[in-house]
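> Residue numbering for the sequence shown follows the UniProt record's numbering, beginning at 1 and increasing consecutively.
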Amino acid sequence: MNNSLLKDLNSYKGGKKSYKYWILSIVIIFIALMVYIFLPQNDDLQPKYNTQKAQIGDLKVIVSASGNLSPTNSVEIGIEVSGTIKEIFVDYNDEVTVGQVLAKIDTTKLEASVESSRASLAISKANLNESEVNLKNKKLIFDRTKKMFDSSGGKFPSQNEYDDTQFAYEVALASVKASKAKVLQSESDLKNNLQNLDKASVKSSINGIVLNREVEVGQTLAATMSAPKLFTLAKDLSNMDLIVNIDEADVADIKDGLDVFFTVDAYSNKEFKGKIKQVRLNPITTNGVVTYETVVSVKNDDLLLKPGMTANAKIVTKNLENQLLVPNSAFRFKPVVQVDKKAPNLGAPSRFRPSSKNESSKSNDGMMSLYILENGEAKEIKVKIISSNTQQTAVSSKSLKQDDEIITSMKSQNAK
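1. So is Asp-256 buried or exposed if we call it buried at 16+ other beta carbons inside 10 Å?
2. Pair every Cβ in the region 318-333 with every Cβ in the region 364-381, then say whether three or more of these pairs are closer than 8 Å.
3. Using the C-alpha atoms, what's the distance from Thr-97 back to Leu-233?
4. Would the beta-carbon of Gly-78 fall within 8 Å of that of Pro-307?
5. I think Thr-294 touches Val-279, with their Cβ atoms under 8 Å apart; what is that distance to the nearest whole Å?
6. Given this structure, state the Cα-to-Cα distance separating Ser-188 from Thr-107, to the nearest angstrom.
7. Can you name the start and end residues of the alpha helix (DSSP H) that Thr-390 belongs to?
8. How about the region 154-164 and the region 211-220: do they share at least three Cβ pairs that are nearer than 8 Å?
9. In whole angstroms, give me the CA-to-CA distance for Ile-276 and Ser-66.
10. State buried or exposed for Gln-392, treating a residue as buried only when at least 16 other CB atoms are found within 10 Å of its CB.
11. Ignore the nearest five residues each way along the sequence and tell me which others in Ser-399's own chain have a CB closer than 6 Å to its CB.
12. My output table needs one value for Lys-332: the three-state DSSP class, helix, strand or coil.
13. For Asp-198, name the three-state secondary structure that DSSP assigns.
14. In this structure, does DSSP put Ala-266 in helix, strand or coil?
15. Excluding the 5 residues preceding and the 5 following Gln-402 in the sequence, name in chain order all residues of the same chain whose CB lies nearer than 6 Å to its CB.
16. Hey, could you find the ends of the beta strand (DSSP E) Val-296 is sitting in?
17. Please report the residue range of the beta strand (DSSP E) in which Asp-253 lies.
18. How about Lys-203 and Leu-305: do their beta carbons lie closer than 8 Å?
19. Can you check the region 59-85 for any beta strand (DSSP E) of at least 3 residues that lies completely inside it and give the ranges in chain order?
20. Pick out whichever of Asn-192, Phe-272 and Ala-174 has its Cα sitting closest to the Cα of Phe-261.
21. Taking 8 Å as the CB-CB cut-off, is Val-98 touching chain D?
22. Out of Ser-297, Glu-115 and Lys-411, point me to the one whose CA is closest to Pro-71's CA.
23. Note the first and the last residue of the continuous alpha helix (DSSP H) segment covering Met-148.
24. By how many angstroms is the C-alpha of Asp-94 removed from the C-alpha of Gln-323?
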């Protein structure tokens with residue numbers, strides 16, 4: 001029994017010794033972890049940067065816009081008289097000339113109106129002749145009566161008889177004037193009805209092509225305040241206009257004569273070219289967005305482009321050659337400061353923190369700041385902005401030259 005008790009005691013002492021070793025191991029591991037966190041390796045003391053080289057090249061500043069193609073000169077052909085379409089002589093895409101008859105309406109009623117006007121004119125002329133004969137007769141009577149009245153010193157004929165003949169003469173004179181007016185009115189009615197008869201033939205006002213036809217034989221047309229539209233004609237499709245909408249933020253850079261390059265869905269692999277010929281001052285507001293219509297002149301000699309096609313355009317507002325170019329991301333880069341290893345950083349194991357400076361990279365003298373990599377360190381320099389597009393900026397600076405490494409961002413800690 002004593003041997004058994006001694007054996008148990010030795011076993012207890014051995015377990016207690018192992019427990020102490022286990023606790024000591026945990027403490028050592030914890031201390032090593034803290035040393036690793038708060039005492040970084042020398043290789044991690046320097047920040048790592050992503051860089052791009054400054055380049056000499058051309059900078060194109062482009063404004064993007066979209067719009068639709070349209071003929072340079074299109075006209076709508078209507079009709080000014082009412083009636084039923086009797087004949088149509090042209091169809092879509094037909095070429096037409098000035099004065100060519102495109103369609104006709106039934107002229108039965110119009111011809112009847114012309115004949116009625118002619119008859120009215122004949123009657124008016126006959127009435128005029130009758131009035132003129134009557135006037136001549138009344139004038140003779142009045143002249144004779146007046147002569148006798150004057151020679152008798154007003155004694156013969158009587159004053160009443162003299163007044164009656166004078167009144168009859170004046171009535172006859174007025175009747176002639178009225179008859180002449182009636183003749184003029186009848187002539188005007190006839191002329192108007194003849195014009196309406198002529199308008200029954202719908203004619204082309206330009207040399208061009210039929211873009212649209214909106215009428216069928218047998219269709220009844222009612223000419224009211226606005227003439228019904230029958231045809232749309234385009235003068236020439238070898239020259240077209242591209243109408244694009246320019247945002248108000250970009251319109252200051254848009255000038256007449258600027259080059260425009262555009263594509264259409266029908267020929268997605270082909271680029272077309274045009275020139276701006278007009279920037280319209282009338283603003284267009286859609287959902288609070290203000291744009292300005294800009295007209296681009298386009299050559300269409302091969303007739304590939306069709307009216308109404310949607311175009312995606314790029315307007316070259318500036319084309320600067322042999323410029324010192326830097327990436328735009330360089331101006332968004334903010335330097336970091338190294339965390340003092342003596343100061344605890346319990347928030348994160350990162351060795352560096354972003355600079356606490358909250359200043360604009362643009363100084364009071366109009367210069368902008370960016371950073372270049374020099375001897376492994378970030379060096380701030382000042383540059384003057386010339387112009388920029390969505391990717392690059394043209395700058396001038398005594399501190400920057402071609403092939404200098406420009407810092408664009410920090411490398412992640414896991415990057416090698």
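C-beta atoms are modelled at their ideal positions from N, C-alpha and C, and glycine is treated no differently.
Reading from the atomic positions:
1. Taking the sequence shown and counting its residues from 1, the one referred to as residue 256 is at position 256. Answer is exposed; the Cβ neighbour count stays below 16.
2. Contact holds: three or more Cβ-Cβ distances are below 8 Å.
3. Indexing the sequence shown from 1 puts residue 233 at position 233. Indexing the sequence shown from 1 puts residue 97 at position 97. Roughly 10 Å separates the two Cα atoms.
4. Taking the sequence shown and counting its residues from 1, the one referred to as residue 78 is at position 78. Taking the sequence shown and counting its residues from 1, the one referred to as residue 307 is at position 307. No.
5. Sequence index remark: in the sequence shown, residue 294 carries index 294 (1-based). Sequence index remark: in the sequence shown, residue 279 carries index 279 (1-based). Contact flag correct, Cβ pair sits at about 5 Å.
6. Numbered from its first residue, the sequence shown carries residue 188 at position 188. Numbered from its first residue, the sequence shown carries residue 107 at position 107. Each residue's alpha carbon lies about 20 Å from the other.
7. Within the sequence shown, numbered from 1, the residue matching residue 390 stands at position 390. Per DSSP, Thr-390 belongs to no alpha helix (DSSP H) and is neither H nor E.
8. Contact between the region 154-164 and the region 211-220 is absent, because fewer than three Cβ pairs lie under 8 Å.
9. Position 276 of the sequence shown, counted from the start, is the residue given in the question as residue 276. Position 66 of the sequence shown, counted from the start, is the residue given in the question as residue 66. Each residue's Cα considered, the two are about 14 Å apart.
10. If you number the sequence shown from 1, residue 392 lands on position 392. With 16 or more Cβ atoms within 10 Å of its Cβ, Gln-392 is classed as buried.
11. As a working note, residue 399 is residue 399 in the sequence shown. If we look at Ser-399 and ignore the five residues flanking it on each side, its Cβ neighbours are Ile-381.
12. By 1-based counting over the sequence shown, the position of residue 332 is 332. Note on residue identity: the sequence assigns Arg, not Lys, to residue 332. Note: Arg-332 maps to coil in three-state DSSP.
13. The residue labelled residue 198 in the question sits at position 198 within the sequence shown. Looking at Asp-198 - three-state DSSP - the assignment turns out to be helix.
14. Stepping through the sequence shown from its first residue, residue 266 is reached at position 266. It is coil, neither helix nor strand.
15. By 1-based counting over the sequence shown, the position of residue 402 is 402. Taken in chain order, the residues that qualify are Ala-54 and Ile-56.
16. Here residue 296 refers to the residue found at position 296 of the sequence shown. Per DSSP, Val-296 belongs to the beta strand (DSSP E) from 289-299.
17. Taking the first residue of the sequence shown as position 1, residue 253 is located at position 253. Taken as a continuous stretch (DSSP letters only), Asp-253 belongs to no beta strand (DSSP E), as it is neither H nor E.
18. Counting from 1 along the sequence shown, the entry for residue 203 is found at position 203. Counting from 1 along the sequence shown, the entry for residue 305 is found at position 305. For Lys-203 and Leu-305, no; Cβs fall outside 8 Å.
19. Every unbroken stretch of the beta strand (DSSP E) spanning 3 or more residues and falling wholly within the region 59-85 is given here in chain order: 74-78.
20. Along the sequence shown, one-based indexing puts residue 261 at 261. Of all alpha-carbon atoms in Asn-192, Phe-272 and Ala-174, the one lying nearest the alpha-carbon of Phe-261 is that of Phe-272.
21. Included in the structure is just one protein chain, with no chain D present.
22. Within the sequence shown, residue 71 is the residue found at index 71, counting from 1. Looking at the Cα atoms, Ser-297 is the closest of the given residues.
23. As a first step, residue 148 is located in the sequence shown; it is residue number 148 there, counting from the start. Taken as a continuous stretch (DSSP letters only), the alpha helix (DSSP H) holding Met-148 covers 108-151.
24. For this step, residue 323 is matched to residue 323 along the sequence shown. For this step, residue 94 is matched to residue 94 along the sequence shown. Separation of Gln-323 and Asp-94 (C-alpha to C-alpha, rounded to the nearest whole angstrom) is 53 Å.
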